[in-house]
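Per the working numbering, the sequence shown starts with residue 3, numbered consecutively.
Even glycine gets a Cβ: it sits at the ideal position worked out from N, Cα and C.
Quick caveat, the model's predicted, so the values are computed rather than measured.
Take a look at the structure below.
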Amino acid sequence: MRWCLFHAWVRRRDVPARIARAAVRSRHRLDAVLLLLCGCLLAVNAHAADNVLRVLAWPGYADADVVKAFEARYHAKVEVTLVDSDEALWDKMHEGAQPPFDVLAANTAEIQRYAQAHLLAPLDLASLPNTRRQLPRFRALSAIDGLTDHGSVYAIPFTYSTMGLIYDRKQVSVAPHSMNELWNPRYRGKVLDYNSAQHNFSFTALALGYPDPFRLNGEQIQTITRKLIDLRRNLLTYYNLPEEAAAFFVQHKVALMFGNYGTQQVELLRRAGADVGYVIPDEGVLAWLDCWSMTSAAANRTLALAWINYMLEPDVSRLLTERQGLANTLAEPPESTGKSHILWIEPVEDIGKREALWSRIVSGDRPERF
């Protein structure tokens, strides 16, 4: 319509034809430029749509602002899926014919499990310059079981914590020294336990004095099973997430808790106003070291490596400690546990058997059926 009016104006005003033709040519050039710009924008949007990173992680590892900064820097879209247990992590990694994720955070025992199942891709350390910022013990990758295989690196340490005892100082006047305190009759109905087959069998093995909590024989497993059934008498309930445990602890005035998330849970509880203490039992403590890995199904490996490198930036690592109360691999934690008997968790003798027994324990199956 506007061009019809323009031509009518040209005729009325008797504008020279060459001026009119020049105006038309200018309009055509402008249209061409606009079309080109639209094409570029569509191409950028299409690229952004393809530039998607699928992340599988634990709560607190990929907060919204951390993700947003990564997306802005790399012009990408990050899709984060959170899990609350090693079992859920394994299940998520087995949805469909190929792992539906590009990067994942898992402990060293699970990393070994995934690597053996050919679910992980080797990492190019040259693309991970921030690893040079890490403490020396975390740069010695071959010295940590499960991170390397036949010279290839499959995981980069990210965060870690011991799995000790958390207690209410008002109800437990003297700090407990053993995991066996979880079975103390005085705390009936006031104990919280983490819902995990692997860790419950392992920490109970330590409490019983077994030398290797990750490789148990049939008799030891039977003894531990009975002891875990006995623990049900003291339990308020089982928990999965640290936030869930904190809510139970405060609302129901819990006295003792197996702290699967360790210092992360202590931080949450103190922020909630709870007066809690944290101890590492005399018999030793399990500890997890969570790492970032790239899956064998990663569609954009350059972007996946960029994410792992980004997670090791000082600002991101500092946020992990400030917000979650977890140690990072760039700085020493404020409270050193160097003299404690710490056991990094390892793959267990028969995860299927442990999980089958644990399912029956949690469901309340009667003791005489075991």
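Original post:
To which residues of the same chain is L270 closer than 6 Å at the C-beta, ignoring the five residues directly before and after it?
Top reply: Here the question's residue 270 lines up with position 268 in the sequence shown. Closer than 6 Å at the Cβ level, and outside the excluded window around L270, lie P244 and A248.
**OP:** Would you mind stating whether A111 and R356 have Cβ atoms separated by less than 8 Å?
**Re:** In the sequence shown, counting from the first residue as 1, residue 111 sits at position 109. In the sequence shown, counting from the first residue as 1, residue 356 sits at position 354. Note that the C-beta distance between A111 and R356 is not below 8 Å.
Subject >> Sequence-distant residues of the same chain with beta carbon closer than 6 Å to T83, five excluded per side >> reply: Translated into the one-based positions of the sequence shown, residue 83 becomes position 81. Beyond the five residues adjoining it in sequence on each side, T83 comes within less than 6 Å, by CB distance, of L58 in the same chain, given in chain order.
**OP:** Spell out the partners DSSP gives N330 in its beta bridges.
**Re:** Locating residue 330 in the sequence shown gives position 328, counting from the first residue. Note: N330 sits in a beta bridge opposite T161.
Original post:
How would you write the range of the beta strand (DSSP E) that G220 sits in, first residue to last?
Top reply: Sequence index remark: in the sequence shown, residue 220 carries index 218 (1-based). According to the DSSP assignment, G220 belongs to no beta strand (DSSP E) but to the alpha helix (DSSP H) extending over G220 to L233.
Original post:
In chain order, what residues of the same chain have a beta carbon less than 8 Å from the beta carbon of T331, not counting five sequence neighbours either side?
Top reply: Taking the first residue of the sequence shown as 1, we reach residue 331 at position 329. Correct list, in chain order: Q136, L137, F140, P159, F160, T161, Y162, L314 and S319.
Original post:
For Y241, which residues from the same chain have a beta carbon less than 7 Å from its beta carbon, with the 5 sequence-adjacent residues on both sides left out?
Top reply: Here the question's residue 241 lines up with position 239 in the sequence shown. The answer, listed in chain order, is L194, Y196, N197, A247 and F250.
Subject >> Distance cut-off 7 Å: L218 Cβ against heavy atoms of the ligand GDP >> reply: The ligand GDP is not part of this structure, which contains no ligands at all.
Subject >> Whether V80 touches Y169 by CB criterion (8 Å) >> reply: Here the question's residue 80 lines up with position 78 in the sequence shown. Here the question's residue 169 lines up with position 167 in the sequence shown. No, the pair does not count as a contact, with Cβ atoms beyond the cut-off.
**OP:** Provide the residue span of the alpha helix (DSSP H) that contains N311, from first to last.
**Re:** The residue you call residue 311 lines up with position 309 of the sequence shown. Residues R303 to Y312.
Original post:
Ends of the alpha helix (DSSP H) at E89?
Top reply: Indexing the sequence shown from 1 puts residue 89 at position 87. Where E89 is concerned, the enclosing alpha helix (DSSP H) stretches over D88 to K94.
Original post:
Contact between the segment 142–153 and the segment 254–270: three or more CB pairs below 8 Å?
Top reply: No, the segment 142–153 does not touch the segment 254–270.
**OP:** Just tell me which of I344, R273 and F372 has its CA closest to the CA of R325.
**Re:** Sequence index remark: in the sequence shown, residue 325 carries index 323 (1-based). Considering only alpha carbons, the answer is R273.
**OP:** In the DSSP assignment, find the unbroken beta strand (DSSP E) run with T297 in it and report its ends.
**Re:** Translated into the one-based positions of the sequence shown, residue 297 becomes position 295. Judged by DSSP secondary structure, T297 falls within the beta strand (DSSP E) whose first and last residues are V287 to T297.
Original post:
Does the separation of the CB atoms of S180 and A209 fall below 8 Å?
Top reply: Position 178 of the sequence shown, counting from 1, holds the residue named residue 180. Position 207 of the sequence shown, counting from 1, holds the residue named residue 209. For S180 and A209, yes; Cβs fall inside 8 Å.
**OP:** Quick one: measure Cβ to Cβ for Y116 and M95, integer angstroms, because I've assumed they're closer than 8 Å.
**Re:** Here residue 116 refers to the residue found at position 114 of the sequence shown. Here residue 95 refers to the residue found at position 93 of the sequence shown. Under the criterion of beta carbons closer than 8 Å, Y116 and M95 qualify as touching, at roughly 7 Å.
**OP:** Drop a sphere of 10 angstroms on the beta-carbon of S154, count the other beta-carbons inside from all chains shown, and report buried for 16 or more, exposed for fewer.
**Re:** Stepping through the sequence shown from its first residue, residue 154 is reached at position 152. S154 should be labelled exposed.
Original post:
For Q100, which of G366, T297, D352 and E370 has the nearest alpha-carbon?
Top reply: Within the sequence shown, residue 100 is the residue found at index 98, counting from 1. Each of G366, T297, D352 and E370 was checked against the Cα of Q100, and the nearest Cα belongs to T297.
Original post:
Under a Cβ-count criterion, where at least 16 other Cβ atoms within 10 Å of its own Cβ denotes burial, should F372 be classed as buried or exposed?
Top reply: Taking the first residue of the sequence shown as position 1, residue 372 is located at position 370. Result: exposed.
**OP:** Would you grab the beta carbon distance between L307 and L122 for me? Rounded to a whole angstrom, and I think it's under 8 Å.
**Re:** Taking the sequence shown and counting its residues from 1, the one referred to as residue 307 is at position 305. Taking the sequence shown and counting its residues from 1, the one referred to as residue 122 is at position 120. Contact flag wrong, Cβ pair sits at about 13 Å.
Subject >> Nearest neighbour of P131, chosen from R362, N311, D352 and T323 [CA to CA] >> reply: Residue mapping note: residue 131 aligns to position 129 of the sequence shown, counting from 1. When each option's Cα is compared against that of P131, the closest is N311.
Original post:
Terminal residues of the continuous alpha helix (DSSP H) containing I347?
Top reply: One-based indexing of the sequence shown puts residue 347 at position 345. Run containing I347: none; DSSP gives neither H nor E here.
Subject >> Residue span of the beta strand (DSSP E) that contains A59, given as start and end >> reply: By one-based count along the sequence shown, residue 59 stands at place 57. Bounds of the beta strand (DSSP E) holding A59 are V54 to A59.
Original post:
Tell me which same chain residues have a C-beta within less than 7 Å of the C-beta of W185, skipping the five on either side of it?
Top reply: Along the sequence shown, read from residue 1 onward, the residue named residue 185 stands at position 183. So the list reads D232, L233 and N236, once near-sequence residues are dropped.
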